[in-house]
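Under this note's numbering, think of the first position of the sequence shown as 258, with each following residue one higher.
In this text, a Cβ means the ideal position worked out from N, Cα and C, and glycines have one as well.
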Amino acid sequence: MVSKRRIFLSVIGLSVFLSGCASQPTSVEADIPLVHANLTQAAVFDDAIFIPAGIYPTDQLIEVDNHSYQVGKKYWSARGQECRKLLLVDSSASVANVKRSMCKMDGRWLLLSPLVQSAKILTEAG
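In structure tokens form, the structure reads like this:
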């Protein structure tokens, strides 16, 4: 009797667990936007450089603003835009391993300014 009850409860528990994992969560939308769309769009375009329209396969070299960049893999930004990583390959560049991004917005490619130019970790001697 105990084993039948244990099996029955195990089957019920397993089916509830699997049905919970199999269902898609409901979509959630905010009532109020965290940042107004006009402000975010203006901030993106302030320092952006337009890149000629085209298809840019991985590892292709492109020249933008008198610098050569190697096109990296495609990814999707948090805003749902197609983007590519770019690696600066100029021999005249004073900084090595400079990485930037270009994203497609409104059908145009834009070279975006890095959000963080440099970062230092400050520690206090205690």
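{"Asked": "Can you tell me the Cα-Cα spacing of ARG357 and SER370, whole angstroms?", "Found": "7 Å"}
{"Asked": "Output the boundary residues of the beta strand (DSSP E) element that contains TYR332.", "Found": "324-333"}
{"Asked": "Helix, strand or coil for SER370 per DSSP?", "Found": "coil"}
{"Asked": "Give me, in chain order, the residues of the same chain whose beta-carbon lies closer than 6 Å to that of TRP366; leave out the 5 immediate sequence neighbours on both sides.", "Found": "ILE308 and MET359"}
{"Asked": "Please list the terminal residues of the continuous beta strand (DSSP E) segment that includes GLU339.", "Found": "339-345"}
{"Asked": "Taking the Cβ atom as the reference point for each residue, do VAL364 and ALA310 lie within a distance shorter than 9 Å?", "Found": "This sequence places Gly at residue 364; Val is not what is there. Yes. Within cutoff."}
{"Asked": "Return helix, strand or coil for ILE269, following the three-state DSSP convention.", "Found": "helix"}
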